[in-house]
Structure formats: C-alpha cells, structure tokens
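Trainee:
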Amino acid sequence: MPELPEVETVRRTLEPKILKRRILDTEVHYPRLLQNCTESELVSYLQSRRFVKLDRRGKYLIAVLDSGSRLVLHLRMTGRLTALPSGLPLEKHTSLQIHMDGDLELRLVDQRKFATLHLLHESGYGAIKGLATMGVEPLDSGFTPEYLKAQLEGRTASVKSVILDQRRIGGLGNIYADESLYRAGIFPGKPGGSLTFDEIQRLHTSIRAVIREGIRFRGTTFRDYVDGDGKSGGFQERLQVYGKEGETCRGCGRPIARIKLAGRSSYYCAYCQV
DNA sequence: CTTGGTTCCTGCGTGC
DNA sequence: TGCACGCAGGAACCAA
Numbered sequence: 013m014p015e016l017p018e019v020e021t022v023r024r025t026l027e028p029k030i031l032k033r034r035i036l037d038t039e040v041h042y043p044r045l046l047q048n049c050t051e052s053e054l055v056s057y058l059q060s061r062r063f064v065k066l067d068r069r070g071k072y073l074i075a076v077l078d079s080g081s082r083l084v085l086h087l088r089m090t091g092r093l094t095a096l097p098s099g100l101p102l103e104k105h106t107s108l109q110i111h112m113d114g115d116l117e118l119r120l121v122d123q124r125k126f127a128t129l130h131l132l133h134e135s136g137y138g139a140i141k142g143l144a145t146m147g148v149e150p151l152d153s154g155f156t157p158e159y160l161k162a163q164l165e166g167r168t169a170s171v172k173s174v175i176l177d178q179r180r181i182g183g184l185g186n187i188y189a190d191e192s193l194y195r196a197g198i199f200p201g202k203p204g205g206s207l208t209f210d211e212i213q214r215l216h217t218s219i220r221a222v223i224r225e226g227i228r229f230r231g232t233t234f235r236d237y238v239d240g241d242g243k244s245g246g247f248q249e250r251l252q253v254y255g256k257e258g259e260t261c262r263g264c265g266r267p268i269a270r271i272k273l274a275g276r277s278s279y280y281c282a283y284c285q286v
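So for the first sequence, this note's numbering puts the first residue at 13; every next one is plus one.
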C-alpha cells in the first residue's frame, strides 16, 4: 500500500530516469484507469512530449510535461510504477506503458485496478477532489502539535480514522498510522477529541519520525510495493505492530492485537497503548 | 458539518 | 484436492 514514504521513494527513483526523454508511444491496457480523458486523447497528447518534473503531493504523483500539463497518478493499494529497460515481458495486470527514447519504459502494473490517472491541462487541482482538499503533510512546516490538536478537537471518531483522513493529514495510510500510534502509546480506537495535549505532542512527534524513517528506509514492502527501479523497500524490517497480530510486543512481551476501525485492520498492543 | 457503510477489483486464506 | 466464499484496502460517494 503506497503511502507517503513509498510514493516519495518512487518519485525519487523515477525522476532522474524519466526527465528529458521523449515519449515515443503510449499503450493503455486498462482504460478505466483514465479518469478524465479517453485513451486516444492520452496517447495523442503524450506523443513526442517530455516530462520536466516529477512531484508528489500526499500519495499523488504529479508528472509535469513540457507543455505545462500534468499527469496525476494515484497508486491506491497495489499500483506499481517503474521505469525499466523496454521490452521486458508484460506482467499480468499491466495497466499502462509509456515507451520513451533511450530504451526506457514507464510502466504501471496494478493488480486490483484501483489506481487512477488524470490528465490536467489547467492550473490547480480542482478536477481532483482528493488533491484539492489535501491536508497538511507530516513533514510540512505547518504540521505542528497545534495543527494536530485542531484536527482532533471535538472528534468522536477514533484517533486513527482522524489521522487517516487525507483532508486533515496528507499522505498517512494504514501502516504508518498504526506504527505512529504504537510509538506514541495511544490506543487507535480512542476518540480523537479525548486526547490530552501531551498525547497529541507524542503523536505529532511519532508521526513525523515514522514518516521520516519510512522514507529513509525506502518504504515498506508488505506485499506489492516496489520503487521506480522495481526494488523492494526496507521499512518492513522496522515495523513494530503492523501485520503482527499474535506476535510479541517489543515493549512488554504481550501479544499484538488486531481490531477493525473504520473498516481497516488496526494492529496495536493492548498493554502499551491506552 | 460529521460519521459510518458501500463500492471498486483480484488473489489469497479458510473451511467444508 | 477442489471449490465457494469472505476478506483486504484508499478514497469517492451516499445516507443519516
């Protein structure tokens, strides 16, 4: 599940490979990937264009073209975006291929087919609701304990569902949310509005630390994720609770538990997180 | 406004 | 061994 650290790692690995190359041809194998244009529109628009920049906002990748228009991609759960030598065998669930000069192929493989692609010609993100309403990111200067407090204040929903809300915090997903709450010693099901300022400060610190470490270790490969070179991440070695139901808590030796919150699995230690 | 349920999709784990 | 079934999950959308 690509979250902020994974998408940032993809961005960093892809950008130097794809910039300045000319697009030779585009093949769309899963047309429903395209949210606001047709297959033929995309193919003809990209013909002979070049990418001049690869940006990220939350979990969105934004590829800026030399025309100024942008391709906006969201990998959702199983999307893999790689830039590898052209002509490698076509994998099952390949949604998109962009053939570029210099023997390079930008490829999207997406087993569950939830990934989305927008082609934006106008400025701004109005056409993409999730981008237009994206909240402050954990590593932005605006992400302060006070900001987090304001997001949690008055919420009866669980703290976990509040921090997963992309309109409040951009880029956090299930894995890093669970790891952050574990490090902060906070039970994920606790109502958001019930956190003390001390707990909010701890959560703020742990979210930033977990996201920074996630990037430093090049993301978490729990199942599908690979970076732009097709390589797995390293943060899965550092996970303390996510996916570890029944395993021993490093803090107290008791078993890690799992509950459902807002429709998602939440892993936590019932003793260390209150 | 908030909150929770449903939907999209495919592969995998479970149980008979 | 084989098959049906439920589940996993990010975010848009809908209903209350």
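For each residue, glycine too, the CB sits at the ideal point set by N, CA and C.
In terms of alpha-carbon separation, which member of E20, Y137, Q285 lies closest to R214?
Mentor: Measuring from the Cα of R214, the nearest candidate turns out to be Q285.
Trainee: May I have the straight-line CA-CA distance separating K125 from L45, to the nearest angstrom?
Mentor: About 7 angstroms.
Trainee: Quick check on DSSP: helix, strand or coil for I271?
Mentor: strand
Trainee: Is the beta carbon of T233 less than 8 angstroms from the beta carbon of S218?
Mentor: Cβ distance not < 8 angstroms, so T233 and S218 don't count as in contact.
Trainee: Does the distance from the C-beta atom of V148 to that of G142 stay below 8 angstroms?
Mentor: no
Trainee: Measuring CA to CA, which of L131, N48, I110 is closest to A95?
Mentor: I110
Trainee: Is the distance from the Cβ of R119 to the Cβ of V238 below 8 angstroms?
Mentor: Not a contact, by the Cβ cut-off of 8 angstroms.
Trainee: Buried or exposed, going by whether 16 or more other CB atoms sit within 10 Å of the CB of A162?
Mentor: exposed
Trainee: So, are the CB atoms of Y279 and E257 less than 8 angstroms apart?
Mentor: yes
Trainee: Mind checking which residues open and close the alpha helix (DSSP H) that includes H130?
Mentor: Premise fails: H130 lies in the beta strand (DSSP E), 128 to 132, not in any alpha helix (DSSP H).
Trainee: What does the Cβ neighbour count give for H9, buried or exposed, with the cut at 16 atoms within 10 Å?
Mentor: Shown here, the chain extends from 13 to 286; a query on residue 9 therefore has no answer.
Trainee: Counting pairs of Cβ atoms below 8 angstroms between the region 196 to 213 and the region 168 to 179, do you hit three or more?
Mentor: Enough Cβ pairs lie closer than 8 angstroms, so yes.
Trainee: Can you check DSSP and say which residues form a bridge with F234?
Mentor: Note: F234 sits in no beta bridge, so no partner.
Trainee: For L108, which option in V40, T50, L66, P97 has the closest C-alpha, if you only look at C-alpha atoms?
Mentor: V40
Trainee: Beta-carbon within less than 8 angstroms of L31's beta-carbon, same chain only, minus the 5 sequence neighbours each way: which residues are those?
Mentor: R62, F63, V64, K65, L66
Trainee: With a cut-off of 8 angstroms on the beta carbons, I'd call L160 and H216 a contact; round off their distance for me.
Mentor: Between H216 and L160 the Cβ distance is about 5 angstroms, and since that is below 8 angstroms, they are a contact.
Trainee: Could you check which residue in R69, T50, K29 has the C-alpha nearest to that of P14?
Mentor: Among R69, T50, K29, the Cα nearest to that of P14 is on R69.
Trainee: Considering only the beta carbon of each residue, do I181 and I187 sit closer than 8 angstroms?
Mentor: no
Trainee: Could you have a look at L46 and say whether DSSP puts it in helix, strand or coil?
Mentor: The DSSP-derived three-state label of L46 is strand.
Trainee: Of all the options G201, C281, S56, which has the alpha carbon lying nearest to the alpha carbon of R167?
Mentor: Of the listed residues, the one whose Cα sits closest to R167 is G201.
Trainee: With respect to the alpha helix (DSSP H) encompassing L160, which residues constitute its N-terminal and C-terminal limits?
Mentor: Run containing L160: 157 to 164, per the alpha helix (DSSP H) assignment.
Trainee: So, for G185: in the same chain, excluding its five sequence neighbours on each side, which residues have a beta-carbon less than 6 angstroms away from its beta-carbon?
Mentor: The answer, listed in chain order, is M13, E15.
Trainee: Looking only at its own chain, which residues have a Cβ that is under 7 angstroms from the Cβ of Y254, when we skip the five neighbours before and after it?
Mentor: I187, D190, E191, Y279
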